[in-house]
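If you read the protein sequences in the order shown, they are chains Z and F.
So in the UniProt record's numbering, spot 73 of the first sequence is number 73, and the numbers just go up one at a time.
So in the UniProt record's numbering, spot 30 of the second sequence is number 30, and the numbers just go up one at a time.
Yeah, the Cβ is synthetic: ideal placement off N, Cα and C, and Gly gets one too.
Working notes, beginning with the structure itself.
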Amino acid sequence: MSGKPKLHYFNGRGRMESIRWLLAAAGVEFEECFLETKDDLIKLQKDGSLLFQQVPMVEIDGMKMVQTRAILSYIAAKYNLYGKDLKERALIDMYVEAIIDLNELLMTHILQPADKKEQHLATIVDKATNRYFPVYEKVLKDHGQDFLVGNQFSRADVQLLETLLMAEECKPDILAKFPLLQSFKARISNIPTIKKFLQPGSQRKPPLQEKDVPKVMKIFH
Amino acid sequence: MSGKPRLTYLNGRGRMEPIRWLLAAAGVEFEEIFLETREQYEKLIKDGVLMFQQVPLVEIDGMKMVQTRAILSYIAGKYNLYGKDFKERALIDMYVEGITDLMQMILMFPFSPPEAKEKNIDSIKERATNRYFPVFEKVLKQHGQDFLVGNKFSWADVQLIEAILAVEEKIPAVLSGFPQLQAFKKRMSNMPTIKKFLQPGSPRKPPPDECYVETVLKVFKK
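So, in structure tokens, the structure goes:
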């Protein structure tokens, strides 16, 4: 046993990507076990490894953890990326939950039928630029600090960067009206662990291509 | 200012109900403001009170908290309903997230079209009896303790009793294959704070009806 966390998921972003980001940001090396077929998923289910028959599943510290949020919270707390007290944690949670909402929209874009794609993209852009990005732009403006919460690097910074980059993949100029988010993006991308994760050859996964969607659907449906 | 938490939402369960449950279980009195019109909602947004323009909103300890899970985590942390260490917390989080997935089906049910309702009940029944309830039945059987995690009352217990009662409203005999959950239900229902919450006149909201659905659409529809 290597002692490293072991991630079970398909070879793509999906719901595991935020977990990869957070581990990488914390400087934690991890192993990955990729599901390629439905049989791979069934085997894990039959082994009793999946508490609710679902992935992501992360083997960490003797636990077989499931449920993305539970896993992220555990990693954040373990590696001191969750603020210094209950109130900072509350702020981080509020920021992160909204980011997760936006992530869901971004993640499901590739799964939209052709005739719905354009409208879905419009929804993404509307929500990102009118509901979510202004909040973080203002947070950074109001306190003038490098990080979102408590003048200290936290999971909120990691998850926001992940989402900013994914949003840019959808629409490259989506940050045009958000100068502080642009500098935030540059700053956080330069943190050594994150810089390493952003380089080719890291465990960061590419966006799902349309041609790969049927294969992924087959695993889960 | 009373110092009590103040909840802003519709006069119905929706996404606020787990928060009402948790505060009540912790023995915390709270006030409520009910949104009835779109104008009220738009005023809240204009006033800059809703961080992401959404409710639930809970004013607590000088914060205007939004995002259901953030609010629940804060309450659980504050009132010692979140386990004694990281690992108990992890277990509670896993259980709560699973239960929340089941509750999501119940949350969305009133908004499904009439022709889909029977199929949705079947889905809820299938998931409850095949995916979620067996897990908690097994947890309780294996450790033989009164509570799900760490032999101590926690957020996970509150979430589970809420879910059991909500599913039973739709599928009355749903616990028939789950003796541990039946005993758990009785036990939790008899805890003083929960017993009080289950009595008429408490802040607990009734199951959603057509009137509630109409109000949701009226207040939030773009």
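A straight line joining the alpha-carbon of E118 of chain F with that of F111 of chain F spans about 13 Å. In the structure shown, E59 of chain F falls within a strand segment according to DSSP collapsed to helix, strand and coil. In this structure the stretch 48-63 of chain Z touches the stretch 124-143 of chain F; the number of beta carbon pairs closer than 8 Å is three or more.
Taking the Cα positions, I60 of chain Z is about 22 Å away from I100 of chain Z. Counting the other Cβ atoms within 10 Å of the Cβ of V139 of chain Z gives 16 or more, which makes it buried.
Secondary structure note for F153 of chain Z: it is in no alpha helix (DSSP H), with a DSSP letter that is neither H nor E. Of all C-beta pairs linking the stretch 64-79 of chain Z to the stretch 10-29 of chain Z, three or more are shorter than 8 Å, placing the two stretches in contact. Of all residues in the UniProt domain "GST N-terminal" (3-83) of chain F, only M51, F52, Q53, M63, M65, V66, Q67, R69, A70, S73, Y74, G77, K78 come within less than 7 Å of chain Z when Cβ atoms are compared, listed by chain position.
Closest in C-alpha terms to L198 of chain Z, from the list Z:G27, Z:Y9, Z:N11, comes Z:G27.
Per DSSP, the continuous alpha helix (DSSP H) segment holding T123 of chain Z begins and ends at 114-127. The alpha helix (DSSP H) runs lying completely inside the UniProt domain "GST N-terminal" (3-83) of chain Z and spanning 4 residues or more are 17-25, 38-46, 68-78, given in chain order. In the three-state reduction of the DSSP assignment, V49 of chain F falls in the coil class, being assigned neither a helical nor a strand state.
Residue environment: K116 of chain Z is assigned as exposed (fewer than 16 neighbouring CB atoms within 10 Å of its CB, all protein chains considered). Annotation: G144 of chain F to P113 of chain F spans about 42 Å, alpha carbon to alpha carbon. For E32 of chain F, the uninterrupted beta strand (DSSP E) run begins and ends at 31-35, by DSSP. Between R15 of chain Z and D93 of chain F, the C-beta gap is not smaller than 8 Å, which leaves the two residues out of contact. Of the residues Z:L106, Z:Q209, Z:K185, the one whose Cα lies closest to the Cα of L148 of chain Z is Z:K185.
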